[in-house]
Amino acid sequence: MAKDGSTAATDGTATGSGDIARSLELLWGTGERPSRGPKPGLTLDRIVTAAVAVADAEGLAAVSMRRLSTELGTGTMSLYRYVPGKAELLDLMLDRVLGEPLSTEPDRPAGAHDGPDDWRAAVGTMARSYRDNLRRHPWLLKINQARTVLGPSALRGLELSLTALRSMGLRDPELIGVIITVNSFVEGLARTQGDAAEAVAQTGLSDEEFWDSQRPYLERAMLSGAYPMMAGMSEDTFSADFDHFEFGLRRLVAGFEALVAERTAERAAE
Numbered sequence: 106m107a108k109d110g111s112t113a114a115t116d117g118t119a120t121g122s123g124d125i126a127r128s129l130e131l132l133w134g135t136g137e138r139p140s141r142g143p144k145p146g147l148t149l150d151r152i153v154t155a156a157v158a159v160a161d162a163e164g165l166a167a168v169s170m171r172r173l174s175t176e177l178g179t180g181t182m183s184l185y186r187y188v189p190g191k192a193e194l195l196d197l198m199l200d201r202v203l204g205e206p207l208s209t210e211p212d213r214p215a216g217a218h219d220g221p222d223d224w225r226a227a228v229g230t231m232a233r234s235y236r237d238n239l240r241r242h243p244w245l246l247k248i249n250q251a252r253t254v255l256g257p258s259a260l261r262g263l264e265l266s267l268t269a270l271r272s273m274g275l276r277d278p279e280l281i282g283v284i285i286t287v288n289s290f291v292e293g294l295a296r297t298q299g300d301a302a303e304a305v306a307q308t309g310l311s312d313e314e315f316w317d318s319q320r321p322y323l324e325r326a327m328l329s330g331a332y333p334m335m336a337g338m339s340e341d342t343f344s345a346d347f348d349h350f351e352f353g354l355r356r357l358v359a360g361f362e363a364l365v366a367e368r369t370a371e372r373a374a375e
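Right, here's the structure in full:
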């Protein structure tokens, strides 16, 4: 059991599962340097950077204090003088990568403009930035973020997103709902693509080989007359050329536009 009374995740994939107080101290810069011992040759920044690099290359399961000590050329116990363990390290890793897409401008997200349709551009920027971040760090999809320990990057990202969406004129819970909806859409597509790539790696079969093995059975099923809708679909129905991301994003924006129009009409009628 962690010092705060919570139970640490056994698989090391749940944020907020370690010593929450210690994670917050490290995230907000109040507990980086060890208070005892010789002058440190490490920094918390180096440890987190090494952990992210290992996770990017080999997955989250490869990240351990022993592995990081090898990567950094130091003893394992030296790392514990900076971070209590993998659970707290995961909190730091998450905040580190969440900070990557943030704009260098202090008050607005990258891609924002100064027109009445700012929020549309902001939704697109949010979606594409998150998609790109998941591609750089596919291990993010393996993390349980139900109880994220909020650090500077997480809060700044939320602040910038809310600022960019404020022209929608929605209620506060609805603005949070927009962010959750966009992120869930991006995660869903990214997880499907990631699972497909993982299946290739685990089985050694390409997508083409996998579906070709089923072709004789599927062709007989289509000719049986039991599946008229599927049998009548065009040959390009499952084409890789169709951009499901852009299609879904446009539909999301259209849905948000309808909500914005509804809220605008309500205010006009008051």
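Residues 106 to 375 (this note's numbering) make up the sequence shown, in order. The beta-carbon is built from N, C-alpha and C at its ideal position, and this holds for glycine as well.
Rounded C-alpha distance that separates Gln307 from Ser169 | 23 angstroms
Buried or exposed by the 16-neighbour rule on C-beta atoms within 10 Å, applied to Thr135 = exposed
Going by CA-CA distance only, name the one from Thr175, Ala160, Arg356 and Met334 that's closest to Leu147.
-> Thr175
Which of the three DSSP states, helix, strand or coil, is assigned to Ala359?
-> helix
Which same chain residues, not among the five before or five after Ser128, have their C-beta less than 6 angstroms away from its C-beta?
-> Here the set comprises Glu193, Asp196 and Val254.
Beta-carbon proximity check, Ile152 vs Tyr187, cutoff 8 angstroms | Yes, the pair counts as a contact, with Cβ atoms nearer than the cut-off.
Would you mind reading off the limits of the alpha helix (DSSP H) that contains Asp82?
-> The chain is shown from 106 up to 375; residue 82 falls before or after that span and cannot be answered.
Which ranges would you report for the beta strand (DSSP E) in the segment 141 to 173 if only whole runs of at least 3 residues count?
-> none
Using beta-carbon positions only, say whether Ser266 and Ile284 come within less than 8 angstroms of one another.
-> yes
So Trp316 is in the alpha helix (DSSP H); what residue range does that whole segment cover?
-> Asp312 to Leu328
Return the first residue and the last residue of the alpha helix (DSSP H) that Lys191 is part of.
-> Lys191 to Leu203
Would you mind working out which of Asp346, Trp244 and Val228 sits nearest Arg356, comparing C-alpha positions?
-> When Asp346, Trp244 and Val228 are compared, the shortest CA-CA separation from Arg356 is found for Val228.
Using 8 angstroms as the threshold, is the segment 291 to 300 in touch with the segment 232 to 251, meaning 3 or more CB pairs across them?
-> Between the segment 291 to 300 and the segment 232 to 251 there are three or more inter-stretch CB-CB distances shorter than 8 angstroms, so the stretches are counted as touching.
Own chain, CB closer than 6 angstroms to Ala160, minus 5 neighbours either side, in chain order = Val168 and Trp244
Where Met273 and Phe350 are concerned, what is the direct C-alpha to C-alpha distance, given to the nearest angstrom?
-> 22 angstroms
Give me the Cβ distance between Val376 and Arg201, rounded to the nearest whole Å; I'm assuming they're in contact under 8 angstroms.
-> Here the chain covers residues 106 to 375 and nothing more, so residue 376 does not appear.
Go ahead and pull the three-state DSSP assignment for Ala232.
-> helix
Phe361: which of Thr118, Thr286 and Leu149 sits nearest, CA to CA?
-> Thr286
Residues sharing a beta bridge with Ala119, DSSP | Asn249
Indicate whether Ser234 and Pro206 have their beta-carbon atoms separated by less than 8 angstroms.
-> yes
Alpha-carbon to alpha-carbon, Lys247 and Gly299 = 10 angstroms
Mapping DSSP to helix, strand and coil, what is Glu375?
-> coil
Could you spell out where the alpha helix (DSSP H) holding Gly134 opens and where it closes?
-> Element bounds for Gly134: n/a, residue is neither H nor E.
Beta-carbon spacing of Leu165, Thr120 below 8 angstroms = no
Mark Lys144 as exposed unless 16 or more other C-beta atoms lie within 10 angstroms of its C-beta, in which case mark it buried.
-> Low confidence applies here, because Lys144 scores a pLDDT of 48, under 50, leaving its location unreliable; read the following figure in that light. Here Lys144 is exposed, its C-beta having fewer than 16 other C-beta atoms within 10 Å.
Taking C-beta to C-beta, are Leu270 and Arg368 nearer than 8 angstroms?
-> Taking 8 angstroms as the Cβ cut-off, Leu270 and Arg368 do not qualify as a contacting pair.
Buried or exposed: His218, going by 16 or more other Cβ atoms within 10 Å of its Cβ?
-> Note that His218 scores a pLDDT of 46, beneath 50, so its modelled location is shaky; the value from the coordinates is reported in the next line. Flag for His218 reads exposed.
Alpha carbon to alpha carbon, what distance is there between Arg171 and Ala336?
-> Ala336 and Arg171: Cα-Cα distance of roughly 55 angstroms.
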